[in-house]
Ligand SMILES: [Zn+2]
Ligand SMILES: [Zn+2]
């Protein structure tokens, strides 16, 4: 066993605090990764605070992990010491069900094993990326190409793939009109990726505060949703809308912005049920959909795509002691656009 420094939540109400955790001995197919950077995702906060059902404490969250391979198990073929690698939201799945066989491990019919808050094959609870090192089976380790800095790469492992996958699935590209609701951690990645794919990109944000950033990151248009006129002006004008907001929004109002056959995809996850009027869908054959991260092969494709085009996340690097402060700032939407923890400070 390897003892590593980490930051853990010990209850739903206590701040995260320094601790140590054990990482398992290397199995034949395991990779030991020295974590360099770990992104802060809104899901980390929901989990640390038991907002998505009861969490088992103590828990180390974090599923946007970028680092360097320290050591590999004897049967590992894909990685060697010194490789730049990442780990996202999953560390394993059943690998046998129909979805796993199709490369859709995120939709594993037996449930994928989450990077934190799950149970690994050895029965031990999984602990995530707010730590100095992690051990992961090679098939769930991603290669981070040289074209991206490790700190800017970390958020790609959740925020990047969460937006890349639906953009690809619904064919964002030249000639398609994509709108992104929300200009936060997920939203800013959706803007960069949709722009890089060649789509015409519109940001729908509460205010125009981040307009300059949005246009700089690749948006062609930027509208405030606090302005009622936005909804009349843009009616029927998008092929795809990616909703990154995890708060409740007026879905009917946004669905009416879709053209015929348009799709609104939810990647944000509000706590309360959403309601949709059937007549927001029927008169234009519209779809309301959801999407969750991406499979392992698709995540690698996304990292390669980003490296080729020089795309990383817009980040603010913080030391571990600022995690609790960063959580408050995430909740206040006061981050441009992702916090990344420097793992040397754990
Ligand atoms: Zn996440
Ligand atoms: Zn499966």
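Residue numbers (our numbering): 1 to 346.
Idealized CB from N, CA, C, for every residue including glycine.
Would you decide whether residue i is buried or exposed? Buried here means 16 or more other CB atoms lie within 10 Å of its CB.
i, result
"residue 152", "buried"
"residue 282", "exposed"
"residue 52", "exposed"
"residue 22", "exposed"
"residue 56", "exposed"
"residue 13", "exposed"
"residue 260", "exposed"
"residue 186", "buried"
"residue 38", "buried"
"residue 84", "buried"
"residue 248", "exposed"
"residue 101", "exposed"
"residue 321", "exposed"
"residue 298", "buried"
"residue 183", "buried"
"residue 268", "buried"
"residue 233", "exposed"
Cβ of residue i within 8 Å of any heavy atom in ligand 1?
i, result
"residue 41", "yes"
"residue 94", "no"
"residue 126", "no"
"residue 64", "yes"
"residue 159", "yes"
"residue 334", "no"
"residue 162", "yes"
"residue 44", "yes"
Which same chain residues, not among the five before or five after residue i, have their C-beta less than 8 Å away from its C-beta?
i, result
"residue 309", "196"
"residue 207", "224, 226"
Is there at least one non-hydrogen atom of ligand 2 closer than 8 Å to the beta-carbon of residue i?
i, result
"residue 71", "no"
"residue 298", "no"
"residue 89", "no"
"residue 14", "no"
"residue 306", "no"
"residue 255", "no"
"residue 109", "yes"
"residue 99", "yes"
"residue 112", "yes"
"residue 105", "yes"
Please determine, among the options, the residue with the shortest C-alpha to C-alpha distance to residue i.
i, options, result
"residue 294", "162, 274, 32, 225", "162"
"residue 73", "25, 88, 52", "25"
"residue 277", "292, 268, 255", "255"
"residue 265", "54, 93, 289, 116", "289"
"residue 31", "68, 167, 15", "68"
"residue 136", "343, 105, 33, 96", "33"
"residue 334", "316, 343, 106", "316"
Comparing the CB of residue i with every heavy atom of ligand 4, is any distance shorter than 8 Å?
i, result
"residue 188", "With respect to ligand 4, the structure shown offers nothing to examine, as its ligands consist of ligand 1 and ligand 2."
Looking only at its own chain, which residues have a Cβ that is under 6 Å from the Cβ of residue i, when we skip the five neighbours before and after it?
i, result
"residue 78", "138"
"residue 164", "193, 302"
"residue 150", "36, 37, 66"
"residue 159", "185, 186, 189"
"residue 2", "23"
"residue 252", "277, 280"
Tell me which same chain residues have a C-beta within less than 7 Å of the C-beta of residue i, skipping the five on either side of it?
i, result
"residue 128", "60, 61, 62, 63, 115, 116"
"residue 174", "198"
"residue 270", "246, 247, 248"
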